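Residue numbers (mature numbering (1 follows the signal peptide of the UniProt record, and there is no 0)): -26 to -1, 1 to 156.
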């Protein structure tokens, strides 16, 4: 026996078709992203599996953050800023081991703001990275692991800055100034 198609059944079928289509064409998540910037110039930047970063590990990241584009944006920023601090012929390899961005998602606070990052001083930006700095001959000038944290990140805020990664970029800039003085 064939059931007649009612408006409710038709709506349900359309919703199922839309959901299946959305799943098939969903944007890639961070686990599908490359783990390094293409080789270009004196600075190479790599990163570990983003889904293992503190930022994503506990399921607090928004859908937008899970796509992982922000990791590549931080890597590009680091590459651009570090290149100007190196002597001609020097090379720098940096690997992000862990990243925990400033702020957090306080989903318990209210319905409808689950993807709103709340930036408060109790959620400072944190990073862990490895680096190797070599000269033109390949001699290692400096290397090691660094744990970066900016507990006073809200004190140094400059005017109105809409860059969603402003605190993390400033943390990287501070590290570069300390590690590679001119």
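Ideal placement from N, C-alpha and C gives every residue a C-beta, glycine not left out.
Fair warning: this is a prediction, and the values are worked out from it, not measured in the lab.
(request) Using only alpha-carbon positions, find the residue among 129, 23, 13 and 59 that is nearest to residue 98. (result) Stepping through the chain shown from its first residue, residue 98 is reached at position 124. Measuring from the Cα of residue 98, the nearest candidate turns out to be 129.
(message) Quick check: what's the CA-CA separation for residue 155 versus residue 137?
(response) Along the chain shown, one-based indexing puts residue 155 at 181. Along the chain shown, one-based indexing puts residue 137 at 163. Residue 155 and residue 137: Cα-Cα distance of roughly 26 angstroms.
(message) Can you check which of these residues, 104, 103 and 75, is closest to residue 95 by C-alpha distance?
(response) The sequence position of residue 95 within the chain shown is 121, counting from 1. The candidate whose alpha carbon is nearest that of residue 95 is 75.
(request) Give the secondary structure of residue 4 by DSSP, where H, G and I count as helix, E and B as strand, and everything else as coil. (result) Your numbering for residue 4 matches position 30 in the chain shown. Annotation note: pLDDT 45 at residue 4 (below 50); position unreliable, coordinate value reported separately. Per DSSP, reduced to three states, the secondary structure at residue 4 is helical.
(request) Just mark residue 18 as buried or exposed, buried being the case when its beta carbon has 16 or more other beta carbons within 10 Å. (result) Here residue 18 refers to the residue found at position 44 of the chain shown. Buried, since its Cβ has 16 or more Cβ neighbours within 10 Å.
(message) When you compare the CB positions of residue 21 and residue 70, do they come within less than 7 angstroms of one another, or not?
(response) Reading the chain shown from its first residue, position 47 is the one you call residue 21. Reading the chain shown from its first residue, position 96 is the one you call residue 70. Taking 7 angstroms as the Cβ cut-off, residue 21 and residue 70 qualify as a contacting pair.
(message) If you measure between the beta carbons of residue 103 and residue 120, is that distance less than 7 angstroms?
(response) Position 129 of the chain shown, counting from 1, holds the residue named residue 103. Position 146 of the chain shown, counting from 1, holds the residue named residue 120. Residue 120 is positioned such that its CB atom lies closer than 7 angstroms to that of residue 103.
(request) Determine which residues share a DSSP beta bridge with residue 73 and list them. (result) Working through the chain shown from its first residue, we reach residue 73 at position 99. 101, per the DSSP bridge assignment.
(request) Confirm, please, whether the CB-CB distance from residue 43 to residue 73 is below 7 angstroms. (result) Counting from one through the chain shown, the residue named residue 73 turns up at place 99. Counting from one through the chain shown, the residue named residue 43 turns up at place 69. It is not a contact, given that the beta carbons lie outside the stated cut-off.
(message) Please state the DSSP three-state secondary structure of residue 120.
(response) On the chain shown, position 146 is the one that residue 120 refers to. Looking at residue 120 - three-state DSSP - the assignment turns out to be strand.
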